[in-house]
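Down below is the structure, laid out as structure tokens.
There are 2 protein chains.
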Amino acid sequence: MAGVWLLLVLFLLGSAEAGKLLVIPSDGSHWLGMKPIVEELGRRGNQVVVVIPEASLSMGPSQNTTTLTYPVNYTKAELEAGLADTINTLLSVDISTDLAKFQTFIISLDILQSVIVRNTEGLLFNRDLMNELQDYSFDAILTDPFEPTGAIAGEYLSIPAIYMQINHPCGVDALASQCPVPASYVPQPLTHFTDHMNLWQRSVNLVRTLLQPMACRHLFTHADEIASRALQRKTSMVEIMSRAALWFMRFDFALEFPRPVMPNMVMIGATVSQKPKPLAKELEEFANGSAEHGFVVFTLGSMVSQLPEAKAREFFEAFRQIPQRVLWRYTGPVPENAPKNVKLMKWLPQNDLLGHPKVKAFITHGGSHGIYEGICNGVPMVMLPLFGDQGDNAQRLVARGVAEALSIFDVTSEKLLVALRKVLNDKSYKEKMSELSAIHRDRPIEPLDLAVFWTEFVMRHKGADHLRSAAHELNWIQYHSLDVIGFLILILVTVIFVTVKSCMFCFRKCFRKTQKKKEE
Amino acid sequence: MAGVWLLLVLFLLGSAEAGKLLVIPSDGSHWLGMKPIVEELGRRGNQVVVVIPEASLSMGPSQNTTTLTYPVNYTKAELEAGLADTINTLLSVDISTDLAKFQTFIISLDILQSVIVRNTEGLLFNRDLMNELQDYSFDAILTDPFEPTGAIAGEYLSIPAIYMQINHPCGVDALASQCPVPASYVPQPLTHFTDHMNLWQRSVNLVRTLLQPMACRHLFTHADEIASRALQRKTSMVEIMSRAALWFMRFDFALEFPRPVMPNMVMIGATVSQKPKPLAKELEEFANGSAEHGFVVFTLGSMVSQLPEAKAREFFEAFRQIPQRVLWRYTGPVPENAPKNVKLMKWLPQNDLLGHPKVKAFITHGGSHGIYEGICNGVPMVMLPLFGDQGDNAQRLVARGVAEALSIFDVTSEKLLVALRKVLNDKSYKEKMSELSAIHRDRPIEPLDLAVFWTEFVMRHKGADHLRSAAHELNWIQYHSLDVIGFLILILVTVIFVTVKSCMFCFRKCFRKTQKKKEE
Numbered sequence: 006m007a008g009v010w011l012l013l014v015l016f017l018l019g020s021a022e023a024g025k026l027l028v029i030p031s032d033g034s035h036w037l038g039m040k041p042i043v044e045e046l047g048r049r050g051n052q053v054v055v056v057i058p059e060a061s062l063s064m065g066p067s068q069n070t071t072t073l074t075y076p077v078n079y080t081k082a083e084l085e086a087g088l089a090d091t092i093n094t095l096l097s098v099d100i101s102t103d104l105a106k107f108q109t110f111i112i113s114l115d116i117l118q119s120v121i122v123r124n125t126e127g128l129l130f131n132r133d134l135m136n137e138l139q140d141y142s143f144d145a146i147l148t149d150p151f152e153p154t155g156a157i158a159g160e161y162l163s164i165p166a167i168y169m170q171i172n173h174p175c176g177v178d179a180l181a182s183q184c185p186v187p188a189s190y191v192p193q194p195l196t197h198f199t200d201h202m203n204l205w206q207r208s209v210n211l212v213r214t215l216l217q218p219m220a221c222r223h224l225f226t227h228a229d230e231i232a233s234r235a236l237q238r239k240t241s242m243v244e245i246m247s248r249a250a251l252w253f254m255r256f257d258f259a260l261e262f263p264r265p266v267m268p269n270m271v272m273i274g275a276t277v278s279q280k281p282k283p284l285a286k287e288l289e290e291f292a293n294g295s296a297e298h299g300f301v302v303f304t305l306g307s308m309v310s311q312l313p314e315a316k317a318r319e320f321f322e323a324f325r326q327i328p329q330r331v332l333w334r335y336t337g338p339v340p341e342n343a344p345k346n347v348k349l350m351k352w353l354p355q356n357d358l359l360g361h362p363k364v365k366a367f368i369t370h371g372g373s374h375g376i377y378e379g380i381c382n383g384v385p386m387v388m389l390p391l392f393g394d395q396g397d398n399a400q401r402l403v404a405r406g407v408a409e410a411l412s413i414f415d416v417t418s419e420k421l422l423v424a425l426r427k428v429l430n431d432k433s434y435k436e437k438m439s440e441l442s443a444i445h446r447d448r449p450i451e452p453l454d455l456a457v458f459w460t461e462f463v464m465r466h467k468g469a470d471h472l473r474s475a476a477h478e479l480n481w482i483q484y485h486s487l488d489v490i491g492f493l494i495l496i497l498v499t500v501i502f503v504t505v506k507s508c509m510f511c512f513r514k515c516f517r518k519t520q521k522k523k524e525e
Numbered sequence: 006m007a008g009v010w011l012l013l014v015l016f017l018l019g020s021a022e023a024g025k026l027l028v029i030p031s032d033g034s035h036w037l038g039m040k041p042i043v044e045e046l047g048r049r050g051n052q053v054v055v056v057i058p059e060a061s062l063s064m065g066p067s068q069n070t071t072t073l074t075y076p077v078n079y080t081k082a083e084l085e086a087g088l089a090d091t092i093n094t095l096l097s098v099d100i101s102t103d104l105a106k107f108q109t110f111i112i113s114l115d116i117l118q119s120v121i122v123r124n125t126e127g128l129l130f131n132r133d134l135m136n137e138l139q140d141y142s143f144d145a146i147l148t149d150p151f152e153p154t155g156a157i158a159g160e161y162l163s164i165p166a167i168y169m170q171i172n173h174p175c176g177v178d179a180l181a182s183q184c185p186v187p188a189s190y191v192p193q194p195l196t197h198f199t200d201h202m203n204l205w206q207r208s209v210n211l212v213r214t215l216l217q218p219m220a221c222r223h224l225f226t227h228a229d230e231i232a233s234r235a236l237q238r239k240t241s242m243v244e245i246m247s248r249a250a251l252w253f254m255r256f257d258f259a260l261e262f263p264r265p266v267m268p269n270m271v272m273i274g275a276t277v278s279q280k281p282k283p284l285a286k287e288l289e290e291f292a293n294g295s296a297e298h299g300f301v302v303f304t305l306g307s308m309v310s311q312l313p314e315a316k317a318r319e320f321f322e323a324f325r326q327i328p329q330r331v332l333w334r335y336t337g338p339v340p341e342n343a344p345k346n347v348k349l350m351k352w353l354p355q356n357d358l359l360g361h362p363k364v365k366a367f368i369t370h371g372g373s374h375g376i377y378e379g380i381c382n383g384v385p386m387v388m389l390p391l392f393g394d395q396g397d398n399a400q401r402l403v404a405r406g407v408a409e410a411l412s413i414f415d416v417t418s419e420k421l422l423v424a425l426r427k428v429l430n431d432k433s434y435k436e437k438m439s440e441l442s443a444i445h446r447d448r449p450i451e452p453l454d455l456a457v458f459w460t461e462f463v464m465r466h467k468g469a470d471h472l473r474s475a476a477h478e479l480n481w482i483q484y485h486s487l488d489v490i491g492f493l494i495l496i497l498v499t500v501i502f503v504t505v506k507s508c509m510f511c512f513r514k515c516f517r518k519t520q521k522k523k524e525e
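Quick note, the sequences are listed as chains A and B, same order.
In terms of my numbering, the first sequence opens at residue 6 and continues consecutively.
In terms of my numbering, the second sequence opens at residue 6 and continues consecutively.
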């Protein structure tokens, strides 16, 4: 009897026709953004199978889903060590000039080239697992284009693919969906430009825009080769991704600069923003401790919990000089005379703290989850971008007047104090952030529901062909109308030639007649 | 006491913060699409003021709104006569060639030039009414860019504007919102092309795309002059409309070919599709009369209820030869031996008939409301486009394999029979239409709710600046990066020049030395 009730509840919870979904996520914050969608799809009665490597930073079983793992040739410890190495490499570069930013961009592509394919062979050439996946007869795949594994697997299994992504380094979303990216006002990733660029910036941006296809070819060098091997035909990741049913864009225009989008792009914004919960008693007491001055939350994200000692000292010195209390996620060495208004924690409930009425500012590296939590709760920020899309994120918030940005490379306690005092004391930061927050939260449908709807849509209709533009059937010359321009020039030249020849012919006839007459 | 309850009900129905909305609609089917939104906004407790001319084809008071009228220098009869004239002019042209289509496009612009401003001076220079509107302190205006009256009034009152439109003849939505329109796969209005064009069609389309700004200037010749006079500064309609808060696009991609869109475009699809109601008894009996053969619905829209006698005869002859019954909205002369399976009506409940289980086909002119009702109910069509966007609509449905199109100019009973039998007997039309219908009806939020949400959003936030692209702050040269290209060429030339000069200098030095040595 209980079984009947359970079935009824499941039926009521779920949609009438449940689908079968394959999920191949990417690690770290990427999984953090995808997990709530995957769990909700499972809760609604869909059969959701998540395939992950045996070793990973943060991926693991999720609720209402089946998790399958496959062996890989690395351990979690190696992964963490590799990541720390990468971060150190990137942090040791001063990227204050456009050339340095470009060099960092190239370095990032070089590093990512191998990182993104570390799981690909482990899954694709795992015969048993691939056969098992084939037997499921999935209706669709939800995957992250950051790692090519899912895209190639989806193509191998011939199922419609949904790509969920944010700020791809070579902009594969725009390239593969043939989305126009006017270089004059759409800043390219890792340029740290806004949508208002001067002549120099627009020049750099145009060059970067023109180089994006090459950057993608470079980034996917290994991936293209593996894909061609797995699918037994010459192919490329951009070509595979051009067959995307949908692109879930994990941003909204409260943060992102307005730019053209394609019909198969769904702006699902930040999917993980949740209602803040009350703080634990001890934390609540500390947060309330400095009365009207409130407190500041400081974290550099899940990947960076330490800082070089000298750098950490700059922060302690700055915090000593403000009346606010500071909650800092930090596991490094603590100086003897550390100021009393600072509480160091191994982990902090970021969203709950940002939702506290007494929070005054948020010092952050500018990871996409953190900044959306900051925007959602209306907290002005001091930003210390470290790598990846964080510099671009920082620039977007600075452009909106809701944040100050500093370089982690040369930050000092003075610089930090200036920025912090601005954000804490100049009311415009809080006012503009409240407006931005209101806009961000005011939406016709919640991001999670939107993502769930469109995933189920693709499963119901076996794709979303009606949203795929005909641009995909044109080659580069045709897309840019170069053949048409040639054709029109040919017509024009022919018309001019015929006209001139006719005129000359008439002129000669007339001229001869006149001459003959004269001769007569 | 009843008043208190009424207030409570109104409060519960409406949103927490009601806004003040000015609505300046356009006549005919344009008003048909806007009315449900306006009424729903009023029902939710917003103060909605609709301003219309004293004489109009179909506009009148709507529920839950205040209607204000202003005198104009024409009567409804004159309006109807003028419209009949226009339709006859357009119907008398054979538009089977691309040149003829282009000529018709120019003729349409010429005709529309004066038609669209017929109300503009009547409202804008009506001091009392404009003062009254100023006193309302509206939060926003909802208007139709087809007639410039609303756009100019909104600009005069300095309130955020929402433009609701479908298939504007010179594509002012794309021009004014700076939306990219790649000529290689986005067919221009009135070309009747699909998104798959051959070289010739792409050439015509490119020329049309390049001419669109000129077409808009031509269309708005009178409007620009009136706007400059009313606002007391030199301006143009495209410039005014470039400040749009939002564009409501009254189409969805079940019908429209996928193409780039801007963040401030909201695809609200068809807003008037309603659930079909049961038919009146007599009509139900007729509809059921031919058993499994079912029936065909035939209407050429609200503007054309008659046909020349010879043309009408072709239709009667065709209908005589099919086993289906035909319901025809027709008020013209009836031949003596009219077939018995045809029922002529002055007006027919189109949506209810299209929702009837026995309906087999829909013969239509391809007006946007009719085709969305057809799509919504999954009825394959035979299309007889008359003018305006109808030819483009027909082509879109033909391209999807759910309709056949004929030219009203040279339609015969034979041609009609061939098309009708195809649609009735070839199952693929019905199958594809059912798929299209399923896609069209499967949406995360109803179009009406979406339109209401975004209108209230603009009222709440005094605009939607965060969705406005920075392209608006660039001139034509900057937008297309021409200055950047010039700048980059200059750098390149300078580098080449300096390199060549340096090489020559070195070469000369070396050469001289060698020469000197030789001389020594």
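Glycine included, C-beta positions come from ideal geometry on N, C-alpha and C.
Ignoring anything shorter than 3 residues, give me the beta strand (DSSP E) runs that lie fully in the segment 148 to 211 of chain B, in order along the chain.
166 to 170
So Q483 of chain B contacts chain A; which residues on that side make the cut at Cβ distance below 7 Å?
S189
Cβ atoms of R255 of chain A and M169 of chain A: under 8 Å apart, would you say?
yes
With a CB to CB cut of under 8 Å and the five nearest residues on each side skipped, what residues in its chain are close to N293 of chain A?
K363
Please confirm whether S233 of chain A and P263 of chain B have their CB atoms less than 8 Å apart.
no
So with Cβ pairs under 8 Å, would you call F151 of chain B a contact of chain E?
The displayed structure is made up of protein chains A and B, and chain E is not among them.
Going by other Cβ atoms of all chains shown within 10 Å of its Cβ, with 16 needed for buried, is I111 of chain B buried or exposed?
exposed
Could you check whether V489 of chain B and L284 of chain A sit closer than 8 Å to each other, using their CB atoms as the reference points?
no
Straight-line Cα distance separating F392 of chain B from I92 of chain B:
8 Å
Using the Cα positions of T214 of chain B and L129 of chain A, report the straight-line distance between them to the nearest angstrom.
46 Å
Going straight from the alpha carbon of Y161 of chain B to that of A235 of chain B, what length do you get?
8 Å
Run down chain B in chain order and give the residues with a C-beta less than 7 Å from the C-beta of C381 of chain A.
The premise fails here: C381 of chain A is roughly 15 Å from chain B at the closest Cβ pair, so nothing lies under 7 Å.
Relative to the alpha-carbon of T94 of chain B, which residue among B:L117, B:N172, B:A343 has its alpha-carbon at the smallest distance?
B:L117
V500 of chain B burial status per 10 Å Cβ neighbour count (16 or more: buried)
exposed
So A527 of chain B and A410 of chain B are supposed to be a Cβ contact under 8 Å. How far apart are they, rounded?
Outside the displayed range of chain B (6 to 525) lies residue 527 of chain B, so it cannot be described from this structure.
Spatial neighbours of A259 of chain B within its chain, please: CB distance less than 7 Å, with the 5 preceding and 5 following residues excluded, ordered by chain position.
I380, L441, I444, H445
Extent of the continuous alpha helix (DSSP H) to which M272 of chain B belongs
Here M272 of chain B belongs to no alpha helix (DSSP H); instead the beta strand (DSSP E) covers 270 to 272.
Whole runs of the beta strand (DSSP E) within the segment 361 to 405 of chain B, excluding any shorter than 3 residues
364 to 369, 386 to 388
Pull up the distance between the alpha-carbon of Y141 of chain B and that of A456 of chain A, whole angstroms please.
40 Å
With 8 Å set as the bound, which would you pick, yes or no: does the beta-carbon of S433 of chain B sit closer than that to a beta-carbon of chain A?
no
Establish whether the CB of E22 of chain B and some CB of chain A are separated by less than 8 Å.
no
So F458 of chain A contacts chain B; which residues on that side make the cut at Cβ distance below 8 Å?
P449
Neighbour list for I444 of chain A in chain B, Cβ cutoff strictly below 7 Å:
H466, H471
Per-residue DSSP class, three states only, for Y434 of chain A
helix
Counting along the chain, where does the alpha helix (DSSP H) carrying Y141 of chain A start and finish?
132 to 141
In angstroms with no decimal places, state the Cα-to-Cα distance between E290 of chain A and M386 of chain A.
23 Å
Can you confirm whether H173 of chain B, when its beta carbon is compared against all beta carbons of chain A, has any partner nearer than 8 Å?
no
Test item: CB-CB of S373 of chain A and N398 of chain A under 8 Å:
yes
What residues match up with Y75 of chain A in a beta bridge as DSSP calls it?
A:P58
For the segment 199 to 213 of chain A, enumerate the residues whose C-beta is nearer than 7 Å to any C-beta of chain B, in chain order.
D200, H201, L204, R207, S208, L211
May I have the straight-line CA-CA distance separating S20 of chain A from I273 of chain A, to the nearest angstrom?
Low local confidence applies: a pLDDT of 46 at S20 of chain A is under 50, so the model's placement there is unreliable, with the coordinate-based value given in what follows. Looking at the two C-alpha atoms, the distance is approximately 20 Å.
When you check each C-beta in the segment 251 to 268 of chain B against every C-beta of chain A, which residues fall closer than 8 Å?
F258, A259, F262, P263, R264, P265, V266, M267, P268
Could you tell me which uninterrupted beta strand (DSSP E) segments, each at least 3 residues in length, are contained entirely in the segment 435 to 459 of chain B, listed from first to last along the chain?
none
DSSP three-state label for I413 of chain A, please.
coil
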